[in-house]
Amino acid sequence: MRPLDDIRVIELTTAWAGPMAGRILAHMGAEVVHVESPTRTNTWRTNKGAPSPVNFPDRDPGERRWDRVFLFNSQNVNKRSIAIDLKAEGGLDTVRALILRSDVLLCNFRPGMLRRLGLDYDSLCGENPRIIVAEMPAYGLEGPHSSYAALGPTMEMAAGMSAAIAYEDGRPTVTGPSYLDPIGGFNAAGAVLTALYDRRRTGKGQHIEVSQVEAAMQFIGPEILKAAETGSDPDPDGNHVAHAAPHNAFPVAGTDEWIAIAAETEDQWRALCRVMGQPALADDARFADLAARKANEVALDAIIADWTDGADKHELAARLQREGVIAAPVNTPRDMFESDYLRGKGFFTDIAHPAAGTHPHPGLPFHLSRTPGDYRRAAPCFGADNAHVLGEVLGLSTEQLDAMERSRTIASAPNPEA
Amino acid sequence: MNSALSTLRVVDLTGSIAGNYCSRLFQDFGATVTLAEPDGGSPVRRAAPLDGEGRSLVFRHLNAGKRIVELPEDRAGLSALIAGHDVLLVPAGLEPALRDIADERSICIEVSAFGSDGPYADWQGNEMVFQALSGMMSNNGQAGREPLYGVGNRASYAAGVAAYLTAMTALYAREGDGKGQSGHVEVAETAAAMSFPYVLQYAYNGTDRRRGDQEIPAGQVLCRGTWVCIWIYPHRFAAMCEAIDMPELLQDARFAETADRMRNWAEMFRLIQDRLRDADAEEVVARLQSAQVISACAYRPSELLGNPHLKARRYWEGPDPDGHPRLGPPVRFSRTPRARWESGETTEAAE
């Protein structure tokens, strides 16, 4: 028995943030139906333009590349897919009926879309007072920027993060391709669970607004409060921070391979000097205390970089940690895949996908003793569950489903021009 | 107060940012939260950044308004502390000691950097370490230079949300069968789970992604001291040129086709930079967004308190009696809003 076995979630989502939220709820047992459009497909299906081989198993897009792309398949495990054209005859009514027979509607499209479709909370709650509608607008549902289109990197900029991440030229830098998306996904899933808990006690649903920018601002709340109270911002300088030196990434053996090393205390600094075989450095006036090391950080970094050059990042990090120094290899995707730590935690699960094959999939970090989450099925192929969902949930007959397919209301492949 | 979690009692023994953010979320949504600290205070009280009086802003952000007690050192005191609480948030290694004194209905969640076992159990973690191990750091920054770890303690905050998710799932299950359970969340594993799924790409076809491998159709320009990021998808290039009043780019052979633009991206942005140097950043973004070109200002943290959009949304709360502002809620519920801010100061109270 999984905690959310009795919960059905309808996802009107695309890309990462919304699907990540649904993936978490599905992991806890919810039946999550990813509603897809044959005319405007989920961007993580990547079926527009020429296929890039790096997105597919064995670099082969195959005949149905939208079913084989690692992006979509990473975030939609455990879900079902229905592909239905909301603009075609009966499409919108069908989805509305599906939502009304469900517990949660999850949406990460722009504000106003649900209202235009008549699928907003106010339009649904009269017929289903228990419905929970969670919207994930980048900037919120109201306010002068609420209509702005956004991506993870632009949300990170609006949240005040990027301006604090920069090399010495001050040009804002973003975190990975889209760090704000999983932050939004986690927060939305948490909010839905909160509303479900409340509903279980009160019987009432409600509307949830997850402004992804505002949710992410919490993550640098102290830095924002500091700036708000002093009116000034720190000058970002790569990996350097005010409270530790050294604090940086240093080159090691291999191309674009690095190790992160930090000393937050004098004990850690002295331990680092010992491991480096240069104990005299600890007494060098240039590096005698934090203030001195900060004043001479360029020279300090150069000495450490000279020492790390050519080392194995994993062995060196382990050795430094054994001696009490903060350190870690800067892991690449291959390192992650081979990580003893992650494998020991059960982070990867082999999942067989009908179109993409069997691969170890990265997991979620939630561990419970009595009701753990699980992986029940691979990410769905496009429209693979049309018949199952519409038949089981809405009771549509085979004849009705055939008619919907003939009128292209439902589909099993994206429209060629989509 | 009609808060979602007002019937719940949570005690936080973690002494960590992740644990304290988890209990902050419970507090936000109405639970009564008790923070237990060892003699001398938890390490979070010393976490940077500090305010003008040398007090941790991390501690204030996470723990303002919580009831604070001293962490008992003996079993009897610990038993008394946790009695009657629905959720126990504990550091690595404490869960076994609580197992036989905790109520069978309680939810005990261990929140730690690396857990109690595994190859990193004895490692020291900080934000740079978590981001380095997660695969995220290797994505950040310019190819050829040192990768960048980010800012603040975002991995720990993410783990705080993960711990909240774990605890809420257990609470939801308990509503069904009345039984409690234990769980654990690690900052390092959470950071890995939030990294872009390049690890699955590696599993699919052996691609070991590096910085610079992906061509991002974006660039940044400095408008009167504020950086503006502009995403130029191929089908929006003409709209972008019109929005910033640079129709000449459309006639320039160097930028005629997508491939030409990608080849001459730096030169194109040098021209855009020259044109927009003295433009107002907000106006530039407004014009671009009207033309459906994705763009944004890279706000400095100090610009967020007076930000007109956030003001229009009545985002900021406070000030408290000491004049401190408070960040608005992470999410907004229509029927069970964030719990009222009881106090800007923590309440020191003996158990």
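Residue numbers (the working numbering), protein chains in the order written: chain A, 11 to 428; chain B, 4 to 354.
Glycine included, every Cβ here is placed at the ideal spot set by N, Cα and C.
Secondary structure of residue i, DSSP reduced to three states
{"i": "Thr350 (chain B)", "result": "In this prediction, Thr350 (chain B) has a pLDDT of 45, which is less than 50 and means its spatial position is unreliable; what the coordinates show is noted afterwards. Thr350 (chain B) falls in the strand class under three-state DSSP."}
{"i": "Leu53 (chain B)", "result": "strand"}
{"i": "Glu73 (chain A)", "result": "coil"}
{"i": "Trp279 (chain A)", "result": "helix"}
{"i": "Ser62 (chain A)", "result": "coil"}
{"i": "Trp319 (chain B)", "result": "coil"}
{"i": "Asp245 (chain A)", "result": "coil"}
{"i": "Trp26 (chain A)", "result": "coil"}
{"i": "Asp211 (chain B)", "result": "coil"}
{"i": "Ser337 (chain B)", "result": "coil"}
{"i": "His327 (chain B)", "result": "coil"}
{"i": "Asp15 (chain B)", "result": "strand"}
{"i": "Arg70 (chain B)", "result": "strand"}
{"i": "Glu357 (chain B)", "result": "For residue 357 (chain B) there is no data in the structure shown, the boundaries of chain B being 4 and 354."}
{"i": "His88 (chain B)", "result": "coil"}
Minimum C-alpha distance to residue i - residue among the options
{"i": "Val14 (chain B)", "options": "B:Val114, B:Ser59 and B:Asp103", "result": "B:Val114"}
{"i": "Glu40 (chain B)", "options": "B:Arg48, B:Ala34 and B:Ile110", "result": "B:Arg48"}
{"i": "Ser91 (chain A)", "options": "A:Asp412, A:Ala413, A:Cys391 and A:Arg418", "result": "A:Cys391"}
{"i": "Cys111 (chain B)", "options": "B:Ala262, B:Leu291 and B:Thr17", "result": "B:Thr17"}
{"i": "Ile313 (chain A)", "options": "A:Ala327, A:Ala160 and A:Asp294", "result": "A:Asp294"}
{"i": "Ile17 (chain A)", "options": "A:Ala25, A:Ala365, A:Ala225 and A:Glu41", "result": "A:Glu41"}
{"i": "Ala255 (chain A)", "options": "A:Gly264, A:Ala302, A:Arg50 and A:Met346", "result": "A:Ala302"}
{"i": "Leu400 (chain A)", "options": "A:Ala290, A:Glu219 and A:Ile20", "result": "A:Ile20"}
{"i": "Asp281 (chain B)", "options": "B:Arg266, B:Arg227, B:Gln30 and B:Leu53", "result": "B:Arg227"}
{"i": "Glu251 (chain B)", "options": "B:Met271, B:Met265, B:His238 and B:Leu92", "result": "B:Met271"}
{"i": "Leu411 (chain A)", "options": "A:Gly59, A:Ile141 and A:Ala93", "result": "A:Ala93"}
{"i": "Val223 (chain A)", "options": "B:Leu28, B:Arg343 and B:Pro304", "result": "B:Pro304"}
{"i": "Ala98 (chain A)", "options": "A:Leu374, A:Ile420 and A:Arg106", "result": "A:Ile420"}
{"i": "Glu331 (chain A)", "options": "A:Arg211, A:Ala272, A:Thr104 and A:Ala397", "result": "In the sequence under discussion, the amino acid at residue 331 (chain A) is Gln, which differs from the Glu named in the question. It is A:Ala272."}
Exposed unless 16 or more other CB atoms sit within 10 angstroms - verdict on residue i
{"i": "Ala353 (chain B)", "result": "Reliability of the predicted coordinates at Ala353 (chain B) is poor, the pLDDT of 34 falling under 50, and the value obtained from them is presented with this limitation in mind. Ala353 (chain B) should be labelled exposed."}
{"i": "Gln228 (chain A)", "result": "buried"}
{"i": "Ile219 (chain B)", "result": "exposed"}
{"i": "Leu35 (chain A)", "result": "buried"}
{"i": "Arg33 (chain A)", "result": "buried"}
{"i": "Leu253 (chain B)", "result": "exposed"}
{"i": "Asn5 (chain B)", "result": "exposed"}
{"i": "Gly186 (chain A)", "result": "buried"}
{"i": "Ala389 (chain A)", "result": "buried"}
{"i": "Pro364 (chain A)", "result": "exposed"}
{"i": "Ala36 (chain B)", "result": "Checking the sequence shown, residue 36 (chain B) turns out to be Val, not Ala. Val36 (chain B) comes out buried."}
{"i": "Val184 (chain A)", "result": "buried"}
{"i": "Thr342 (chain A)", "result": "buried"}
{"i": "Gly209 (chain B)", "result": "exposed"}
{"i": "Thr408 (chain A)", "result": "exposed"}
{"i": "Gln204 (chain B)", "result": "buried"}
{"i": "Asp191 (chain A)", "result": "buried"}
Residue range of the unbroken beta strand (DSSP E) whose run includes residue i
{"i": "Asp311 (chain A)", "result": "Taken as a continuous stretch (DSSP letters only), Asp311 (chain A) belongs to no beta strand (DSSP E), being part of the alpha helix (DSSP H) at Glu307 to Thr318."}
{"i": "Ile20 (chain A)", "result": "Arg18 to Leu22"}
{"i": "Phe358 (chain A)", "result": "Phe358 to His363"}
{"i": "His257 (chain A)", "result": "His257 to Pro261"}
{"i": "Arg154 (chain A)", "result": "Note on residue identity: the sequence assigns Pro, not Arg, to residue 154 (chain A). Note, Pro154 (chain A): premise wrong, no beta strand (DSSP E); not H, not E."}
{"i": "Ile269 (chain A)", "result": "Trp268 to Ala272"}
{"i": "Ala327 (chain A)", "result": "Segment Lys323 to Arg332 is the alpha helix (DSSP H) holding Ala327 (chain A); no beta strand (DSSP E) there."}
{"i": "Ile112 (chain B)", "result": "Ile110 to Ser115"}
Where the alpha helix (DSSP H) containing residue i begins and where it ends
{"i": "Gly311 (chain B)", "result": "In the sequence as displayed, the identity of residue 311 (chain B) is Pro instead of Gly. Note, Pro311 (chain B): alpha helix (DSSP H), Pro311 to Ala315."}
{"i": "His398 (chain A)", "result": "Asn396 to Glu402"}
{"i": "Phe29 (chain B)", "result": "Ile20 to Asp31"}
{"i": "Leu253 (chain B)", "result": "Glu251 to Gln254"}
{"i": "Arg177 (chain B)", "result": "Arg157 to Asp180"}
{"i": "Pro236 (chain A)", "result": "Looking at the sequence provided, one finds Lys at residue 236 (chain A) rather than Pro. Start and end: Gly231 to Thr240."}
{"i": "Glu41 (chain A)", "result": "It is not in any alpha helix (DSSP H) - Glu41 (chain A) instead sits in the beta strand (DSSP E) that spans Glu41 to Glu46."}
{"i": "Thr212 (chain A)", "result": "Leu190 to Thr212"}
{"i": "Glu285 (chain B)", "result": "Ala284 to Ser293"}
Per DSSP, cross-strand counterpart(s) of residue i
{"i": "Cys244 (chain B)", "result": "According to DSSP, which records beta bridges pairwise, Cys244 (chain B) is partnered with nothing at all."}
{"i": "Val47 (chain B)", "result": "DSSP output for Val47 (chain B) lists no bridge partner at all."}
{"i": "Arg90 (chain A)", "result": "A:Val43"}
{"i": "Ile141 (chain A)", "result": "Ile141 (chain A) is not bridged to any residue."}
{"i": "Glu40 (chain B)", "result": "B:Glu73"}
Closer than 9 Å at the beta carbon, the chain D residues around residue i
{"i": "Asp266 (chain A)", "result": "The chain labelled as chain D is not found among the protein chains of the depicted structure, namely A and B."}
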